[in-house]
Structures are given as structure tokens and as C-alpha cells.
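Written below as C-alpha cells is the structure these notes are about.
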């Protein structure tokens with residue numbers, strides 16, 4: 006992986022893995038989600054995790070394609 010001025014992407018990935026996981030309770034702390042039901046909150050979290058996975062794969066593929 007390439008290094009950036011803020012560190013390698015591997016370091017960033019490790020920070021993401023160590024970050025506090027989203028929970029329904031934490032989600033309710035964000036504006037617009039204060040009254041969300043437990044099941045819907047779990048669905049929103051699952052959707053966000055899938056979306057983030059897509060973004061990571063896209064960025065990783067783009068960087069691999071750009072390497073000399």
C-alpha cells in the first residue's frame with residue numbers, strides 16, 4: 006500500500022477496525038435518529054456498513070489500478 010502524508014492506508018484501515026462500533030444507542034445520538042426503533046436502527050447500521058465496504062473496495066481497486 007502507498008503511504009500518504011498522514012500514514013499508510015494499512016494504518017488507516019487498522020484505525021477503522023479499532024474504532025467504536027455503531028450501535029442503535031449510538032445511532033440515536035445523531036440528529037434525525039433520536040426516535041428510531043431498535044430493528045430499524047440495526048437495519049440502518051447494516052446498510053451503512055455495506056456502503057462503507059463498497060467504498061473501501063472501490064478506493065482500493067482504484068489505487069491498485071493507478072500503481073505503476
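Residue numbers (the working numbering): 6 to 73. Positions of the beta carbon are idealized from the N, C-alpha and C atoms, including for glycine. Remember, it's a predicted structure, so these values are computed and weren't measured experimentally.
Using 8 angstroms for Cβ pairs, my map puts residue i next to residue j. What's the rounded Cβ distance?
{"i": "residue 29", "j": "residue 15", "result": "Incorrect: roughly 31 angstroms between the Cβ atoms, too far for contact."}
{"i": "residue 41", "j": "residue 53", "result": "Not a contact, Cβ separation roughly 13 angstroms."}
{"i": "residue 27", "j": "residue 50", "result": "5 angstroms"}
On a CA-only basis, which of the options is nearest residue i? Give me that one, please.
{"i": "residue 18", "options": "65, 35, 48", "result": "65"}
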